[in-house]
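A.B. asks: Next up is a structure, given as structure tokens.
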Amino acid sequence: MATPAAADTPTPHPCEAALEADLGWGLGVVFRAHVKVTNAVLEDIPGGPRGHQVLAFAVQDLGGNQGTIAAQLGLDRTVLTYLIDDLEKAGLVERRPDPSDRRSRLVVATKKGRALWTDRQDALRHVERHVLSALGEDATLFRQLLQRVAVHANSFDPVKDTCSIVEELT
């Protein structure tokens with residue numbers, strides 16, 4: 005078996021060894037890459053990632069009315085109102101009267117909204133596979149462990165508004 009030539013081996017960055025031991029640095033690099041690519045994938049959805057989250061609620065019938073969606077996403081109701089207005093103008097969602105409470109409006113995905121959401125989900129899965137491809141078969145285990153750590157960390161410092169935190173960090 006041949007060994008790689010010295011010219012084929014990349015020269016490590018001078019700080020690389022110190023950074024390898026820094027969890028914050030590693031999380032930051034992966035987070036920045038994920039946010040950058042995610043924003044690009046979602047740029048044609050009004051509100052970007054926030055709009056995508058609202059659309060996800062509508063497509064998956066997770067939230068129902070605006071109050072529930074606002075609470076689940078940690079968004080101010082007035083901000084959500086403007087976001088839904090933009091999604092509605094784009095033909096992605098519509099507001100319908102709630103049969104159980106005439107004062108309330110349900111946010112429902114349109115056919116166009118469902119198609120766009122499905123397309124973007126496929127694109128986001130492709131991006132995630134690419135980012136995690138360095139892990140090979142360990143990618144599934146990594147996702148499970150990351151989720152476990154995230155749930156644990158959230159238990160002692162609950163995230164109230166994920167969107168605002170992402171904006172602060174980017």
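So the mapping is simple: my numbering equals the position in the sequence shown, first residue as 1, plus 4.
Think of the CB as a built atom: it goes at the ideal place given N, C-alpha and C, for glycine as much as any other residue.
Since this is a predicted model, take the numbers as computed values, not measurements.
Would you decide whether Gln-64 is buried or exposed? Buried here means 16 or more other CB atoms lie within 10 Å of its CB.
C.D. replies: By the 10 Å Cβ count, Gln-64 comes out exposed.
A.B. asks: So for Pro-101, helix, strand or coil by DSSP?
C.D. replies: Three-state DSSP puts Pro-101 in a strand.
A.B. asks: Pick helix, strand or coil for Ala-25, following the three-state DSSP scheme.
C.D. replies: Residue state, collapsed to three classes: coil.
A.B. asks: Name the DSSP beta bridge partners of Ala-94, please?
C.D. replies: Answer is none; Ala-94 lacks a bridge partner.
A.B. asks: Would you call the CB atoms of Leu-96 and Leu-59 closer than 8 Å?
C.D. replies: Yes.
A.B. asks: When you compare only the Cα positions, how much space is there between Ala-94 and Glu-24?
C.D. replies: Taking the straight line joining both Cα atoms gives about 44 Å.
A.B. asks: Closest to Trp-121 by CA distance: which of Ala-154, Gly-52, Phe-160 and Asn-69 is it?
C.D. replies: Of the listed residues, the one whose Cα sits closest to Trp-121 is Gly-52.
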